[in-house]
Amino acid sequence: MSALPCGSWPSPISAADAARHDGAPNWPAALGEEVWWTEPRPREGGRVALCRTRLDDPAAAPQTVLPAPWNARSRVHEYGGRPFVLVPGAAGAAVVFTEFTDQRLYLFEPGGEPRPLTPEPAEPAAVRYVEPVLAPGGTEVWCVCERRTGPLPTDVRRSIVAVPLAGCSGPDDVREVAAGHRFLACPRVSPDGAHLSWIGWDHPDMPWDSTRLLVAGIGPDGRAARPEEVAGGPGVSVVQAEWADDTTLYCVADPEGWWNPYRVSAAPGGGWGRPEALVRCEEEFGGPLWQLGYTWLLPLPGGRLAAVHGRALTSLGVLDTATGALEDAATPHTEWLGRLAAAGRDGRTVLGVAAAADLAPEVVAVAPDGSWRSLSRPRPAGAPAADGRAAYLPRPRTVEFSGPDGREVHAVLYPPHNPAAEPLPGELPPYVVWAHGGPTSRAPMVLDTEIAYFTSRGIGVVEVNYGGSTGFGRAYRERLRGNWGVVDVADCVAAAEGLVARGLADPRRLAIRGGSAGGWTSVAALAFTDTFRCAAILFPIVDLVGWRTGETHDFESQYLESLVGPWPRERRRYTERSPVNAADRISAPFVLMQGLEDEICPPVQCERLLAQVRDVPHAYLAFEGEQHGFRRAETITAALHAELSLYAQVFGFASDAPKLELHR
Numbered sequence: 001m002s003a004l005p006c007g008s009w010p011s012p013i014s015a016a017d018a019a020r021h022d023g024a025p026n027w028p029a030a031l032g033e034e035v036w037w038t039e040p041r042p043r044e045g046g047r048v049a050l051c052r053t054r055l056d057d058p059a060a061a062p063q064t065v066l067p068a069p070w071n072a073r074s075r076v077h078e079y080g081g082r083p084f085v086l087v088p089g090a091a092g093a094a095v096v097f098t099e100f101t102d103q104r105l106y107l108f109e110p111g112g113e114p115r116p117l118t119p120e121p122a123e124p125a126a127v128r129y130v131e132p133v134l135a136p137g138g139t140e141v142w143c144v145c146e147r148r149t150g151p152l153p154t155d156v157r158r159s160i161v162a163v164p165l166a167g168c169s170g171p172d173d174v175r176e177v178a179a180g181h182r183f184l185a186c187p188r189v190s191p192d193g194a195h196l197s198w199i200g201w202d203h204p205d206m207p208w209d210s211t212r213l214l215v216a217g218i219g220p221d222g223r224a225a226r227p228e229e230v231a232g233g234p235g236v237s238v239v240q241a242e243w244a245d246d247t248t249l250y251c252v253a254d255p256e257g258w259w260n261p262y263r264v265s266a267a268p269g270g271g272w273g274r275p276e277a278l279v280r281c282e283e284e285f286g287g288p289l290w291q292l293g294y295t296w297l298l299p300l301p302g303g304r305l306a307a308v309h310g311r312a313l314t315s316l317g318v319l320d321t322a323t324g325a326l327e328d329a330a331t332p333h334t335e336w337l338g339r340l341a342a343a344g345r346d347g348r349t350v351l352g353v354a355a356a357a358d359l360a361p362e363v364v365a366v367a368p369d370g371s372w373r374s375l376s377r378p379r380p381a382g383a384p385a386a387d388g389r390a391a392y393l394p395r396p397r398t399v400e401f402s403g404p405d406g407r408e409v410h411a412v413l414y415p416p417h418n419p420a421a422e423p424l425p426g427e428l429p430p431y432v433v434w435a436h437g438g439p440t441s442r443a444p445m446v447l448d449t450e451i452a453y454f455t456s457r458g459i460g461v462v463e464v465n466y467g468g469s470t471g472f473g474r475a476y477r478e479r480l481r482g483n484w485g486v487v488d489v490a491d492c493v494a495a496a497e498g499l500v501a502r503g504l505a506d507p508r509r510l511a512i513r514g515g516s517a518g519g520w521t522s523v524a525a526l527a528f529t530d531t532f533r534c535a536a537i538l539f540p541i542v543d544l545v546g547w548r549t550g551e552t553h554d555f556e557s558q559y560l561e562s563l564v565g566p567w568p569r570e571r572r573r574y575t576e577r578s579p580v581n582a583a584d585r586i587s588a589p590f591v592l593m594q595g596l597e598d599e600i601c602p603p604v605q606c607e608r609l610l611a612q613v614r615d616v617p618h619a620y621l622a623f624e625g626e627q628h629g630f631r632r633a634e635t636i637t638a639a640l641h642a643e644l645s646l647y648a649q650v651f652g653f654a655s656d657a658p659k660l661e662l663h664r
């Protein structure tokens with residue numbers, strides 16, 4: 001092992017490696033023994049492919065089914081969600097999916113060409129579809145539909161619609177099934193086809209604030225009757241509901257401050273009874289609805305439920321609904337996403353997306369006997385995932401820091417790690433505080449090659465689940481109400497200072513990095529604190545007034561009502577909190593990176609900040625063809641090179657990244 005300056009350690013993990021592995025398989029689904037999922041392809045222009053394998057053939061290799069340039073990705077809410085549903089085809093499973101470029105639904109049978117089901121809208125991508133389900137009778141798919149009704153981002157209408165699998169000859173063939181709320185999610189049909197359930201909410205609530213679970217009978221015209229509210233309401237967030245049988249609905253809600261599982265049953269005299277808690281514990285069995293189609297809860301045969309649950313880490317458990325007993329699957333994964341699906345002819349195999357500190361996210365099948373195997377990265381039972389860079393991966397652990405007033409701040413620590421290098425005698429490594437997006441979100445502890453790109457070179461990373469993050473109950477996530485730009489910044493500062501106090505980090509070499517809401521926290525930390533010596537800021541919000549008055553999409557257009565305060569009554573707070581109005585206080589170098597097609601955090605926000613920055617070394621990288629979050633391999637590579645070069649120049653070490661030109 002060689003003693004070398006931190007940051008300059010030789011590493012086999014390149015930016016191109018990180019770009020190649022960026023993103024995770026997603027949205028597993030099954031029809032009998034066929035298992036399908038989506039998979040990002042950074043080297044194919046950032047498109048999302050559809051892949052499949054067979055559950056009954058352990059030797060089957062994953063296949064890419066949907067060829068380039070097709071792109072299975074929805075733009076509903078701009079964040080999208082589950083973009084496909086499997087339907088019976090002539091020879092196995094066929095798929096109905098949303099194509100990104102025009103947002104129409106297509107029917108695709110492997111070996112053929114995708115056929116459009118929905119009509120071409122008058123304006124490109126003006127009608128969008130997400131979270132499709134097969135309807136009663138099997139001749140239609142029902143899904144959430146978002147229609148643009150005018151030129152403003154908030155000119156939209158949403159409904160649950162029926163689309164015939166035979167295709168539409170015109171707009172009138174798309175039948176509206178249900179509506180009534182500005183936002184809709186989780187359309188589910190009862191097994192007998194008699195009832196439809198869904199979740200709805202309205203501005204200014206976000207889906208983690210207050211939602212309503214609705215149930216309605218389906219009339220002979222194929223439309224939902226007047227719905228009955230069966231769960232949720234003011235101050236209660238219902239994030240998922242699934243039918244177990246014709247009269248039983250399971251849901252995930254937080255009336256007691258934690259997303260726990262509940263049962264709603266048909267009442268003997270008609271209507272529906274009150275939700276009955278199946279488990280009461282200080283763990284989360286759900287999460288925020290940033291995308292539509294999440295499934296943390298999955299009914300299984302025999303009155304059992306598969307459930308993703310946990311706090312800092314998550315597990316896959318099987319819940320006995322009669323006793324409340326919960327037994328976890330014995331797999332090496334420490335992070336299970338809300339992506340459960342049933343597979344196999346008997347529907348008893350559970351599919352999910354899972355990861356760990358040394359396992360990148362993969363599609364996993366857990367059999368009724370508890371055995372498991374990876375479907376997206378097949379390997380012999382019990383064998384680790386093959387990765388020649390495994391020795392260079394970080395060894396993360398969960399940590400807590402003490403924030404202002406002694407409040408706990410949760411984080412995941414990724415110390416520098418390289419089997420062939422160590423710090424110079426007496427040297428403490430530089431550390432980068434990563435602020436996640438959302439902000440109502442969470443940083444999981446999983447194998448992330450972007451983090452490994454830095455830690456293998458001798459730069460530590462700490463991902464902070466600052467106040468406002470999910471996974472720790474409603475009280476923790478509501479710390480941010482009215483305090484965005486205050487609590488998140490203070491918690492990131494507390495993490496950085498906590499690392500220094502523990503003797504882990506060099507106090508003169510601290511940086512902060514984040515994208516979207518994390519970009520906001522990063523630039524706010526530069527403007528309002530002197531803790532960090534530089535920052536990597538990706539597609540940020542910097543001007544609250546502009547963002548609240550029309551510079552973002554409809555989904556988040558009133559998000560600041562809770563994060564900052566009522567508009568326009570609290571206009572002064574909006575102005576004072578915005579880093580764009582405190583740009584003269586920024587003295588630390590930074591790199592700012594932005595997608596030019598971003599409709600969530602548009603480029604005008606970055607441009608407004610840059611116009612106010614004075615005499616500070618900085619760089620601005622604007623990427624054509626990128627939206628909110630970078631998906632193309634060349635963009636991801638360039639962004640990582642720029643970030644490493646910034647740290648090298650500010651912290652004073654040699655780097656293998658091309659030099660980033662900083663301007664004043």
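The numbering of the sequence shown is full-length UniProt numbering, which starts it at 1 and goes up by one.
The beta-carbon is built from N, C-alpha and C at its ideal position, and this holds for glycine as well.
On a predicted model such as this, the values are computed, not experimentally measured, just so you know.
- The beta carbons of I459 and P430 sit about 5 Å from each other, so the pair counts as a contact at 8 Å.
- Contact annotation, I512 with A527: C-beta distance approximately 12 Å; criterion of less than 8 Å not satisfied.
- Separation of E408 and P187 (C-alpha to C-alpha, rounded to the nearest whole angstrom) is 38 Å.
- Straight through space, the alpha carbons of R631 and R47 are spaced by roughly 8 Å.
- Beta-bridge partners of F183 (DSSP): W201.
- Following the DSSP letters along the chain, one finds L640 inside the alpha helix (DSSP H) bounded by residues A633 to F651.
- Distance from the CA of V238 to the CA of E284, rounded to the nearest whole angstrom, comes to 12 Å.
- If you draw a straight line from the Cα of D506 to the Cα of T531, it comes to about 12 Å.
- In this structure, I160 lies away from A194, with their beta-carbon atoms at least 8 Å apart.
- The straight-line gap separating the alpha-carbon atoms of M593 and C606 is approximately 9 Å.
- Excluding residues up to 5 positions away in sequence, P119 lie with their Cβ nearer than 6 Å to the Cβ of P171 in the same chain.
- In the same chain as R311, and ignoring 5 residues on each side of it, the C-beta atoms closer than 8 Å to its own belong to E282, E283, E284, G471 and F472, in chain order.
- Distance check between A367 and each of L640, V542, A342 and G550 places A342 closest, using alpha-carbon atoms only.
- Going by DSSP, G595 is part of the beta strand (DSSP E) stretching over F590 to G595.
- Following the DSSP letters along the chain, one finds C492 inside the alpha helix (DSSP H) bounded by residues V487 to A501.
- With a beta-carbon spacing of about 6 Å, P540 and V523 fall inside the 8 Å limit used to define contacts.
- CA-CA distance, A329 to L50, rounds to 27 Å.
- In the displayed model, W272 falls within a strand according to three-state DSSP.
- For L297, the uninterrupted beta strand (DSSP E) run begins and ends at L297 to L300, by DSSP.
- Secondary structure of R148 (DSSP, three-state): strand.
- The three-state secondary structure of N71, taken from DSSP, is coil.
- Assignment of Q612 by DSSP, reduced to helix, strand and coil, places it in the helix class.
- Contact check for Q612 and V650: beta-carbon distance about 21 Å, past the 8 Å limit, so the pair fails to qualify.
- Residues of the same chain with a CB within less than 6 Å of the CB of P110, apart from the 5 flanking positions on each side, are V65 in chain order.
- Residue state for P88 is assigned as strand, using DSSP reduced to three classes.
- In the assembly as shown, M206 is a buried residue. Its beta-carbon has 16 or more other beta-carbons within 10 Å.
- In the three-state scheme derived from DSSP, where H, G and I count as helix and E and B as strand, D328 is classed as strand.
- By the C-beta density criterion, R115 is exposed, having fewer than 16 other C-beta atoms within 10 angstroms.
- DSSP places S402 inside the beta strand (DSSP E), whose first and last residues are R397 to S402.
- Counting along the chain, the unbroken alpha helix (DSSP H) around T455 starts and ends at T449 to T455.
- In its chain, beyond the 5 residues on either side, Q240, G286, G287, Y294, T295, W296 and V308 have a beta carbon closer than 8 Å to the beta carbon of G338.
- Judged by their CB atoms, V87 and V133 are not nearer to each other than the 8 Å cut-off.
- The beta carbon of P301 lies closer than 8 Å to those of D346, G347 and R348 in the same chain, with the five residues before and after it left out.
- The residues P164, in chain order, have a CB closer than 7 Å to that of D173 in the same chain once the five nearest residues on each side in sequence are set aside.
- Within the same chain, E242, L305, A306, A307, L340, A341, A342 and V350 come within 8 Å of L298 by CB-CB distance, once the 5 residues on both sides are set aside.
- One Cα belongs to V144, the other to H181, and the distance between them is close to 12 Å.
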